Structures are given as C-alpha cells and as structure tokens.
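Engineer: One structure, pasted below without further comment.
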Amino acid sequence: MTVSEPLAPVATLSTDQRLHPWSWMFAMVAQLRAMLLPIVLLVVFGRGDRWVWLGLIGAGSVAMYSWIYSRNFRYRIGASELLVRAGIFSKVERHIPFARIQNIVQKRHLLHRIFGVTELRLESAGGAKPEAVMNVITVEAADALERVLRDQPTGAQTVADAVTTRPWVELRMADLLRLGLLSNRGWALIGALLALTWQFEDNQRNPMRQLYQLFEQGFSSWSHAFLTWTTKLFSFVLLALLLLLLIKLVSMLMTVIQFYQFQLSGDQQRLATHSGLLTRHTASARRDKIQRLIVGESGLARIMSRRWLSCEVAGSSHASEPDQKTMRLRWLLPIGTASEVETIAARVLPGLNFAALHWQPLHANAWRRVAKGSLVWWLFLLIPGTYFFGLWMIPLAATLAAAAYLHARGWAAFAAYAWDGEFIAFRAGWLHRRWTVARIDKGQSISLTHTPFDRRNDMQTLQIDTAGASSNGISLAIPYLPTATARSLADALGASLT
Amino acid sequence: MNESDHSLAPAIAPAAHAPPLQAQILLLHPQLTRVWRWGAVLAALPAIGIGSVVAAALGKPWIAALVIFVVMLVVVFIWNYARAYVARFRGRLQQDGLWVERGVWWRNETFVPRSRIQHTEVEQGPLARRYGMASLKLFTAGASHAEIGIDGLAHAQALALRDDLLGRTGHDGV
C-alpha cells in the first residue's frame, strides 16, 4: 500500500473519546515504577507491620488518584485541533492545534501488549511538559490519531506523496549483538549488584572474594614456581576479564531488548523509529524539526569499522520527567558502517554531503591547552595518591602524564570544524570520536567566549546554540579557535542566520 | 578595543525598500556601578552581623575577625569588579539582531538575530526600581542560551529595546 486512503468520516472521531478502562492500572504502574526499588527494600528490610501498612496506603492512594484521573480524561479530535480535558481538582481544557504537534511517541511494554493498548505522548516545540499524554488508549485509537496528525497539511501536501514502504534502516540480530559488544549498556546495573553483594554478604562469603581465592589456589597449584604476587596478579586479571565478559554479555542482552527489530522509516514530512523487544517504543518527529545530527565512534567501534548516528529534535529542553527526552526520536542508526551513516545523514538533511565536508583544524597550540587542562586534574589525584602509594606513585604518575600527552595530541589532531555556507560541523575526540552537524538556519544564537587562558593563547570558543540541545557528549561549541578565525566565522554564521 | 573590529553586520546589503536602521548603542545605567557597590556593602552588613553573633555564641572572637576579613575581601572585589564590568560592556542593537559583549575575565559575546527571539521580558527588582534600572531578558528556542539577560539597563531603554525587538518577525529557525 502506498497511498493512505482518506480517513474514515471524521465525524465519528469528533466525539469525546475516553481512555481505556484499565488506564488506571497503567498510570499506577508508571507512578510506582519510580518508587519500586524503595518500596521493595522497605517491604523486604523494613521491620514491623507498620512499614507494610504505610506502603500499602501509599500504593492505594496512588491507585485511587490514577483511577479518578483516568476516568475523567477526555479528548476529542476536531477539524484542526485536538481538545483535551483532564484534571481532578483543577480541570484543564487544552486546545492543541495539530500543526503544533511535532513529536509523537508511543510506548508499549509487556502489559500494554497484553491488553492491546499503548501510551501516547504528543510533544510540541517548547513547554515543560508534553502537550498531551494519553495513558493508555487502544492501539487502533492511537493509530487513528496519528493518521489524523500526519495528514494535516503543514506546508507540503502529504496525501499524494507515496509513503515509502521500505524502511530506511532495519537492524538484524547480528547488528544488535555487535552493538551490544561495542557498548557497555548495563554496566551501572552490574556495578550496583556488585556493590550490593559487598554490602549484604559478610566478607568471607562474598562471591567475588570466593572466585578470587579459587583462582589463586588454581594458579598456585598449577605451578609451584609462581611467586605469590604473580598468582595474585593473575587471579586479579582473570577476575577482571570475567567481569568484562559479564558486562559485555549483559550489554548484548540489553541492547537486544532495547533495539529489537529497530526500524527507521520516513516520508516527506516525518521520520519514525520503531524498536524494542519487551517495551515497544515508537517515536516520530517532523523532519524539519531535526536540529542537528550526532555521529559517534568509540575506539572499539573503529576497530570494527562501525559508527552510530543519532539526532536531536526540537522539543522541551526542560523535561519534567526523566525519561521524556529519551523517549523522543533520537536514534537514527544505532550501528552501521561509515558509508551507511553518510547515506542516512544525507537523507535526513538533504544537501549534506558528509564525506565532502572540508575540515579545518583548530589552533596549532590547542593540544597544549588540552594537555595542561588534564595535567591539572591529574595533579589533584597525585597528592593523595602519593600518600597512599608512596614510591609506586612515580611510575603511575609517569604513565598518567604520558596518557595525558597522547590524549592531548590525538584530540587536537582530530578536532576540526567545517563550514560550507549551509552546514556547520564540528568533530572532536581521541579514542571516542564524535561528529556533529547542523544546518545553520537551525541556529538560535552565536556566542564567542574567551577566558583569560584563551586570551593568553589567542584563542576563542565559538558556540552555535540549537533548540532542544542536550550535551550528548558533543555540542556545537568549537573551542581553541584562533581569534581571527573565530571572529570571521562568527560574522559569516551571523550573516547566514538573519 | 576598536568597535569596528567586532562588527557582525550582515554581509548582504539591506533590501532597498527598508530604510537602514542606525545601529543603536546600548548603554548601561549610569548609576549601575554605584548601585552594585552599595548593594554589596549593604549585603555585607547582615553577613558580618551573623558572623559576630555566631562568634559571640561560640565564644571564639577569631571567627568574627575571619568573617569580617572575608566579607571585606568580597566587597572590595565587587567594588572593583563593578567598575570593570561597566567599562567593558558593549552592546548594539542592529538591524539584524542584538549583539552584547560582557564580562571582565570570562568575556562572552552573544549575537541573537531578531527572528530567533521568541519573547522578551523586562524585569525590575526593588532596588532597580528605585533607580529606574531594569533587566531585559530575551528568550530563544535554544538550549544553552535559552535566556539572554542584560542587567543594569535604564528602564526606558529596556522598554524601547523590547518594543523594537518584538516588532520584527520571521522564520524562527526551529
């Protein structure tokens, strides 16, 4: 099917719609998810029935609130706007013009899929909260709503445009496993679990310690020629390797869960991604609202010749909920070769030729600034380190200094900017490399900053601000530019903005 | 510093039918230095008072001496910083946008095109109101420079700037 048929009579949808009867349960689950760990700990470790009752009362009031809220929620699809009525104590009536809705996110975890419902979030370009959150409605209702939003004329007409049937990107299991190997998803989880085992097991029964002793005995019995400290060293290394293996395995598992059947598809107006094994996550955004692209390549990824591509979409930068920003359209190509990344980037930002960007280096002395900066930090570590390690600090300090030097030179050699009159780009990194590129008309303001250190070295930092920017590891802030270059570049960018 | 070096004027000549707008220089309120200096002194008094009370309560007079010393350092710093800040402030309202340069050691120049200004705010604190000063805040859709504030303007100039900046519209680049 290429052309979507005209929507079924809008009249049927212009009556008040309500949320799914079981919405209260999903709302409660969402609220409790944040409190889950404390509640579990409370119930498991709390002493006495009082805590259990408190927990129950808390959960009960949350359930009550969710039930009343869900029952009172109403929405209606009008001719050009969405009308939402909600609230328990303060009733709110929102008129949301369709044209203002830019990001549409659908989230379905296991419970949603059992009931055939979905959580739908509609976001606009600004504001602290999404314009509307429907938790939950049936999948059919969500699709109908999305169809209506998609068919709104927002400049270019849409109905006649053929919706591409083939998605732009489809990840297979091999890609996902590779991505899991390259990333360290879940390392925090393993770290937390390890910390927990340390807390609750008394020292001798600690599993890590037991493993370590096992290795030690194994090594010493293998060859009596080993000195005690070599045995210790080998055991330690083996333990570290096992830990790394565990992290990678968990990472692969979590990657598969997060990116299962990842698909990126797009048409003239919108881009959409679908992914997830347990939680099905669908995010879509208007193509012209994509602010900038970010490409990343870690050291390990470079060995495997893979990169990742993500984007930043205009939306509320002051997200009131912690996962709001991550629910927005972000990953365009979680893993791919350099040429695949360039192809997708060119499709997302027409006119961008990544490979043909003319990269200009930063100031010749940029590496000195970077080296001095990191050495200052290492100095802070040296002083307590000398106290603890004594003479062993000398080789350690030498290694750190060498690492700082290598990092500085590598970083400065790769760091560069590019400006071709339409796109401004910046790249930086040593082992972990990143590129970012934006079309200049997405720039909001230009700023030049210089610190006393900059002035002494005749450098300035040039920053181009874009909407919805988060740090993401790299921003369009180009440091260590020679003053003259920074000024002329700022002039050129400023002229292009107006 | 030569102001012509910092020109961010458009490279393209303005359209023939629009009369070229003379770039309007932004001036900080003439009393700003005085307000900041005396504001610092006024804020120092309760700090010293609290320090003395704590010292008396703990029976260690050296605490009071330390607090007085630190507060005096801060006041002297602000005394000089205010003058340096006002001397180094540069601002210009151009046809294509607003340009400000501020800071003493950490200097920052920001250019905001007219079309990118989402809305503006003119704010007056109680002390500022007494002297006829105001702060002008420009809001863009950006992230790190979502809000660009200029403190210490004359109230009349802040209002005039606000009116001028709101007048123009264009694609806001989001």
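So the sequence lines, in the order shown, correspond to chains A and B. The opening residue of the first sequence carries number 805 in the working numbering; numbering runs sequentially from there. The opening residue of the second sequence carries number 14 in the working numbering; numbering runs sequentially from there. Ideal placement from N, C-alpha and C gives every residue a C-beta, glycine not left out. Here the structure is a predicted model, which is why all the values come from computation and not from measurement.
State buried or exposed for M85 of chain B, treating a residue as buried only when at least 16 other CB atoms are found within 10 Å of its CB.
Structural biologist: exposed
Engineer: Note down, in chain order, every chain A residue with its Cβ under 8 Å from the Cβ of R103 of chain B.
Structural biologist: Correct list: empty, because the minimum Cβ distance to chain A is about 12 Å.
Engineer: Please list, in chain order, the chain C residues whose beta carbon lies closer than 8 Å to that of S1251 of chain A.
Structural biologist: The chain inventory of the structure shown lacks chain C, comprising the protein chains A and B.
Engineer: Would you say P901 of chain A lies against chain B (beta-carbon separation less than 8 Å)?
Structural biologist: no
Engineer: For a cutoff of 8 Å on Cβ pairs, would you count R96 of chain B as touching chain A?
Structural biologist: no
Engineer: Please confirm whether F124 of chain B and G138 of chain B have their CB atoms less than 8 Å apart.
Structural biologist: In this structure, G138 of chain B does not lie closer than 8 Å to F124 of chain B by Cβ.
Engineer: Count the other CB atoms, across all protein chains shown, that sit within 10 Å of the CB of F1040 of chain A; report buried if there are 16 or more and exposed otherwise.
Structural biologist: Burial call: exposed.
Engineer: Can you list, in chain order, the residues of the segment 1167–1178 of chain A whose Cβ is nearer than 9 Å to any Cβ on chain B?
Structural biologist: none
Engineer: On the DSSP letters alone, give me the boundaries of the alpha helix (DSSP H) that E1146 of chain A sits inside.
Structural biologist: 1142–1152
Engineer: Within the continuous alpha helix (DSSP H) that includes K1052 of chain A, where are the two ends?
Structural biologist: 1032–1063
Engineer: Can you give me the C-alpha to C-alpha distance between I892 of chain A and D1269 of chain A, rounded to a whole angstrom?
Structural biologist: Distance between the alpha carbons of I892 of chain A and D1269 of chain A is about 39 Å.
Engineer: Quick check: the segment 63–79 of chain B against the segment 36–50 of chain B, are at least 3 beta-carbon pairs closer than 8 Å?
Structural biologist: No, the segment 36–50 of chain B does not touch the segment 63–79 of chain B.
Engineer: With a cut-off of 8 Å, does the C-beta of A154 of chain B fall near any C-beta of chain A?
Structural biologist: With 8 Å as the cut-off, A154 of chain B counts as an interface residue toward chain A.
Engineer: Quick check: the segment 909–917 of chain A against the segment 1070–1087 of chain A, are at least 3 beta-carbon pairs closer than 8 Å?
Structural biologist: Counting Cβ pairs under 8 Å, three or more are found: they touch.
Engineer: Output the distance between the C-alpha atoms of Q819 of chain A and I872 of chain A, rounded to the nearest integer angstrom.
Structural biologist: Inspection of the sequence shows that residue 819 of chain A is occupied by Thr rather than by Gln. Taking the straight line joining both Cα atoms gives about 21 Å.
Engineer: Quick check: F830 of chain A and N988 of chain A, are their CB atoms within less than 8 Å of each other?
Structural biologist: no
Engineer: Which residue comes first and which comes last in the alpha helix (DSSP H) that contains Q170 of chain B?
Structural biologist: In this chain, the alpha helix (DSSP H) harbouring Q170 of chain B covers 168–180.
Engineer: Between the Cα of S874 of chain A and the Cα atoms of A:F1230, A:M1263, A:W826, A:L1075, which residue gives the shortest distance?
Structural biologist: A:W826
Engineer: Output yes if chain A places a C-beta closer than 8 Å to the C-beta of I76 of chain B; else output no.
Structural biologist: Interface annotation, I76 of chain B: not in contact with chain A, CB-CB separation never under 8 Å.
Engineer: Name the chain A residues that come within less than 8 Å of I161 of chain B, Cβ to Cβ?
Structural biologist: In chain order: S1249.
Engineer: Going by DSSP, what residue range makes up the beta strand (DSSP E) through I900 of chain A?
Structural biologist: 896–901
Engineer: What's the call for R854 of chain A, buried or exposed, on a 16-neighbour Cβ count within 10 Å?
Structural biologist: exposed
Engineer: Please check the pair S1251 of chain A and E122 of chain B, which I expect to be a contact at CB under 8 Å, by giving their CB distance rounded to whole angstroms.
Structural biologist: Approximately 6 Å separates the beta-carbon atoms of S1251 of chain A and E122 of chain B; this is inside 8 Å, confirming the contact.
Engineer: Can you tell which of B:V88, B:V80, B:G145, B:D177 has the C-alpha that lies nearest to the C-alpha of G52 of chain B?
Structural biologist: B:V88
Engineer: In whole angstroms, what is the alpha-carbon distance linking L179 of chain B and L151 of chain B?
Structural biologist: Going from the Cα of L179 of chain B to the Cα of L151 of chain B covers about 10 Å.
Engineer: Anything in chain B within Cβ reach of K1093 of chain A, meaning under 8 Å, just list it in chain order.
Structural biologist: Here the neighbours are V187.
Engineer: Output, in chain order, the set of chain A residues within a Cβ distance shorter than 9 Å of S128 of chain B.
Structural biologist: Listed by position along chain A, the residues whose Cβ is nearer than 9 Å to that of S128 of chain B are L1301, T1302.
Engineer: Measure from the C-beta of D8 of chain B to each C-beta in chain A and report whether the shortest distance is under 8 Å.
Structural biologist: In the structure as shown, chain B starts at 14 and stops at 187, and residue 8 of chain B therefore has no counterpart that could be examined.
Engineer: Distance cutoff 8 Å, beta carbons only. Does G110 of chain B sit that close to anything in chain A?
Structural biologist: For G110 of chain B, the answer is yes, since a Cβ of chain A falls inside 8 Å of its Cβ.
Engineer: So, with DSSP's three-state summary, where would you put N1261 of chain A?
Structural biologist: helix
Engineer: Check whether the segment 937–955 of chain A and the segment 1011–1019 of chain A touch, using three or more Cβ-Cβ pairs below 8 Å as the test.
Structural biologist: no
Engineer: With a CB to CB cut of under 7 Å and the five nearest residues on each side skipped, what residues in its chain are close to V117 of chain B?
Structural biologist: Result list for V117 of chain B: Y94, A97, Y98, R101, in chain order.
Engineer: For W118 of chain B, decide whether its Cβ has a neighbour in chain A, counting only Cβ atoms nearer than 8 Å.
Structural biologist: yes
Engineer: Could you name the residues that DSSP lists as bridge partners for L985 of chain A?
Structural biologist: Paired residue(s): none; L985 of chain A is not in a bridge.
Engineer: Reducing DSSP to helix, strand and coil, say where F1192 of chain A ends up.
Structural biologist: Secondary structure at F1192 of chain A: helix, using DSSP grouped into helix, strand and coil.
Engineer: Compute the Euclidean distance between the alpha carbons of F90 of chain B and T1255 of chain A, then round it to the nearest angstrom.
Structural biologist: 19 Å
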